[in-house]
Amino acid sequence: MMRRMHTFRSVVLLVALSLGLTACGAAGGTQTDAKKPVKLLNVSYDPTREFYVEFNEAFAKHWKEKNNQVVTIDQSHGGSGKQARSVIDGLKADVVTLALGYDIDALTGPGLIKPEWQSQFGNNSSPYTSTIVFLVRKGNPKEIKDWNDLIKPGVEVITPNPKTSGGARWNYLAAWGYALKQNGGDEAKAREFVGELFKHVPVLDSGARGATTTFVERKIGDVLLAWENEALLSLKEFGEGEFEIVTPSISILAEPPVAVVDKVVDDRGTREVAEAYLEYLYSDEGQELAGKHYFRPTNPDILAKYTDQYQALELLQIDQDFGGWNAAQEKHFNDGGVFDQIYTPGS
Amino acid sequence: MAGAITTHLSEETARRPRHINEGPVVRIVLITIALLFLGLVVLLPLASVFVEAFKRGMDVYYSAITEKDALSALRMTLLAAAVAVPLNTVFGIAAAWAITKFRFKGKNLLITLIDLPFAVSPVIAGLIFVLMFGAQGFFGPWLASHDIQIIFALPGIVLATVFVTFPFVARELIPLMEAQGVLEEEAAASLGARGWQIFWRITLPNIKWGLLYGIILCNARAMGEFGAVSVVSGHIRGQTNTLPLHVEILYNEYQFSASFAAASLLVLLAIITLLVKAFIEWKTSQRKPATEGGGLPLLENE
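In order, the protein sequences belong to chains A and B. Going by our numbering, the first sequence opens with residue 1, and the numbers climb by one from there. Going by our numbering, the second sequence opens with residue 348, and the numbers climb by one from there.
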């Protein structure tokens with residue numbers, strides 16, 4: 001009995017000791033520097049991961065040289081709508097760099113961001129743009145050339161969920177815009193086309209990167225509706241031997257905007273560095289990095305350097321062709337909207 | 348999950364009389380099926396984690412597990428487990444004690460509630476905390492005015508972990524304490540022992556292996572939890588990522604070797620847990636099975 005008590009006690013002691021050690025380790029990690037370094041949190045959407053890793057380093061260097069202050073930028077990535085939701089629920093983002101304006105508009109509701117945010121930075125606060133293209137398997141075995149090929153029998157389409165993913169909403173609207181043009185503006189036909197398209201989707205991921213891994217890694221589906229930058233990145237990561245990019249006749253000009261989260265930067269006193277951070281996206285270095293990571297820079301001189309990687313195509317614009325994000329969101333993506341009417345899971 | 352699952356077989360149960368035993372063909376087929384299935388479903392995927400992890404050599408593996416974000420994720424995981432496990436241990440003992448030793452109204456309700464985290468999807472478990480402590484949540488405005496961050500920070504991750512690992516210890520102890528009955532404690536009381544004395548000298552030694560087993564299961568789940576933690580984490584790299592979330596991030600960034608390297612850390616933690624569990628089972632099996640029935644174990648224990 002006594003002997004057993006001893007073994008038990010030593011086990012308890014060991015557990016307690018190891019817990020104590022972990023606690024010490026954690027406490028040691030959070031020491032602050034004497035130079036008052038500053039931290040920013042950039043809450044972003046999925047396909048910007050690689051871009052911001054490099055951009056953050058460039059900005060930190062720039063800021064150190066200019067202001068002699070160390071800045072570290074933490075990143076959080078996920079589906080654009082989900083990320084906006086997290087910020088609303090209290091994720092303390094200094095800046096948001098999301099997939100579409102609507103998700104940033106959502107932050108004006110609880111008073112996190114001023115309603116006129118989109119005029120704060122150049123080009124509607126969109127330092128880089130992109131569009132939606134198709135990624136198909138090598139040799140294009142299903143002969144997919146344009147949007148109408150996506151609803152051929154036996155074609156499986158991969159796109160994330162428009163409810164949670166910004167990229168998916170661009171995908172959806174591009175398809176809708178194509179169908180409208182084809183049918184002379186007949187909405188019933190467009191609805192039919194997009195409804196049929198989503199019947200060809202075997203799995204709806206919550207974000208663009210999830211959809212890409214579904215297509216690329218798990219090898220599900222015949223065509224991935226993807227951000228142009230995401231498609232080009234997949235080509236780079238996996239070599240051109242496995243996939244091909246197909247540019248449809250019509251797509252949409254996707255403008256992923258950026259904004260300072262006013263409430264957070266004012267609380268934390270980080271407004272100056274947060275604004276400088278987003279301004280730096282428009283600098284030559286920021287634009288070069290955007291081009292390098294397959295976004296379309298908005299600075300025409302730098303865009304000219306990267307034109308080789310983009311195909312020319314007709315681009316619909318959200319404001320002109322869809323009456324802006326609020327109208328598009330309300331009509332298509334809100335609960336009970338067109339998407340809910342045409343999409344029934346499992347059908 | 349409920350009850351102490353002892354996998355260590357005694358010699359008697361393993362040896363069956365010949366006349367009720369199956370023929371050699373049936374025996375070989377059954378054993379082969381069991382082993383094949385185990386190999387395919389458990390061993391092969393586990394082995395592939397290590398194969399993938401080391402695919403690009405030791406250097407990539409080493410840098411993947413010593414990288415800043417990976418270490419912070421590991422620390423976060425250990426920290427969450429370090430808080431959640433002791434909390435649930437204390438609660439588990441208290442709950443098992445209350446349920447097996449006392450009579451009170453609502454006892455069955457309590458038993459059902461303890462099981463609730465098993466029944467609820469982990470995603471819902473995470474959302475519950477967002478709804479309570481998020482900026483728009485029930486306590487949100489109060490927390491914000493006092494500058495307390497729960498969701499998207501360590502407290503939220505710990506809360507979610509506590510929630511999903513809540514039943515393990517209690518579930519392990521309740522059947523054990525029920526089976527042991529009150530005889531020993533009555534004997535101790537009749538010899539003049541007080542409450543704490545009985546607890547430390549009679550109850551705890553009797554339940555200690557079951558308790559440790561519950562703690563180990565609880566710990567395994569705490570370190571591996573993905574769904575609930577994913578909802579409340581905010582996914583800030585180097586800040587609020589746990590190891591399972593870090594694995595997903597690396598995987599989504601096309602860093603497959605690094606992602607499997609991080610996954611192999613989780614597997615190693617699991618293997619350590621299993622070894623401890625095997626050791627405990629071996630220890631338990633050394634006790635004579637007579638104690639289980641609640642006969643007169645006091646004599647046997649001396």
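We put the beta carbon where it would ideally sit given N, CA and C, even for glycine.
For the pair of segments examined, the segment 163-170 of chain A was found to touch the segment 89-100 of chain A: the number of CB pairs separated by less than 8 angstroms reaches three. Using a Cβ distance threshold of 8 angstroms, glycine 291 of chain A and tyrosine 277 of chain A do not count as a contacting pair.
Given a length threshold of 4 residues, each whole run of the alpha helix (DSSP H) inside the segment 412-483 of chain B is given here in chain order: 415-448, 454-466, 469-480.
Bridge partners of leucine 91 of chain A according to DSSP: none are assigned. Between threonine 213 of chain A and chain B, the shortest Cβ-Cβ separation is below 8 angstroms. Chain A places no beta carbon closer than 8 angstroms to that of arginine 568 of chain B, leaving this residue out of the contacts. When the Cα atoms are used, glutamate 314 of chain A and tryptophan 227 of chain A turn out to be separated by approximately 16 angstroms. Approximately 6 angstroms separates the beta-carbon atoms of valine 194 of chain A and alanine 179 of chain A; this is inside 8 angstroms, confirming the contact. Cβ-Cβ separation between serine 76 of chain A and histidine 582 of chain B: approximately 5 angstroms, consistent with a contact (criterion under 8 angstroms).
For arginine 584 of chain B, the residues of chain A that pass the 8 angstroms Cβ criterion are Asp74, Gln75, Ser76, in the order they occur in the chain. Sequence-distant partners of proline 502 of chain B (beyond 5 residues in either direction) whose C-beta falls short of 7 angstroms from its own C-beta are missing from its chain. The shortest CA-to-CA distance from alanine 500 of chain B to any of A:Ser249, A:Leu41, A:Pro115 is the one to A:Leu41. Taking 8 angstroms as the cut-off between beta carbons, the residues of the segment 90-110 of chain A near chain B are Gly90, Leu91, Lys92, Pro110, in sequence order.
The beta-carbon separation of valine 95 of chain A and valine 260 of chain A, rounded to 6 angstroms, stays under the 8 angstroms limit for a contact. Shown here, glycine 78 of chain A sits in a strand according to DSSP, grouped into three states. By the CB criterion at 8 angstroms, proline 522 of chain B and aspartate 462 of chain B fall outside the cutoff.
Here lysine 145 of chain A is exposed. Its C-beta has fewer than 16 other C-beta atoms within 10 Å.
Valine 71 of chain A places its beta carbon less than 8 angstroms from that of alanine 60 of chain A.
A Cβ-Cβ distance of about 6 angstroms is found for the pair leucine 590 of chain B and leucine 421 of chain B, placing them in contact under the 8 angstroms criterion.
Separation of the CB atoms of glutamate 414 of chain B and arginine 49 of chain A is rounded to 15 angstroms, and the pair is thereby denied contact status at 8 angstroms. The C-alpha of glycine 79 of chain A is placed about 28 angstroms away from the C-alpha of lysine 138 of chain A.
Among the residues of chain A, those whose CB is under 9 angstroms from the CB of phenylalanine 499 of chain B are Ser76, Ser86, Asp89, Gly90, Leu91, Lys92, following chain order. Taking 4 residues as the shortest admissible run, the segment 128-160 of chain A contains no complete alpha helix (DSSP H) segment at all. Arginine 191 of chain A is outside the set of residues whose beta carbon lies under 8 angstroms from a beta carbon in chain B.
DSSP lists A:Thr72 as the bridge partner or partners of lysine 39 of chain A. Short of 6 angstroms from the beta carbon of alanine 575 of chain B, and not among the five residues preceding or following it, lie these beta carbons of its own chain, in chain order: Pro469, Ala472, Gly473, Ala507, Val511. Within the model, the alpha-carbon separation for methionine 524 of chain B versus glycine 561 of chain B is close to 13 angstroms. The residues Phe499, Gly503, Ile504, Thr587, Asn588, Thr589, Leu592, in chain order, have a CB closer than 8 angstroms to that of serine 580 of chain B in the same chain once the five nearest residues on each side in sequence are set aside.
Within 10 angstroms of the beta-carbon of serine 130 of chain A lie 16 or more other beta-carbons, which makes it buried. As computed with DSSP, serine 44 of chain A is found in a beta bridge with A:His77, A:Thr97. Per DSSP, alanine 226 of chain A is one residue of the beta strand (DSSP E) stretching across 223-227.
Contact note: valine 477 of chain B reaches chain A through Asp89, using a C-beta cutoff of 8 angstroms and chain order. Excluding the 5 residues flanking it on each side, isoleucine 220 of chain A has same chain C-beta neighbours closer than 6 angstroms at Thr214, in chain order. In the displayed model, serine 251 of chain A falls within a strand according to three-state DSSP.
About 6 angstroms separates the beta carbons of tyrosine 280 of chain A and histidine 62 of chain A, which is inside the 8 angstroms limit, making them a contact pair.
Per the Cβ contact rule, the segment 230-242 of chain A is not in contact with the segment 105-117 of chain A (fewer than 3 Cβ pairs under 8 angstroms).
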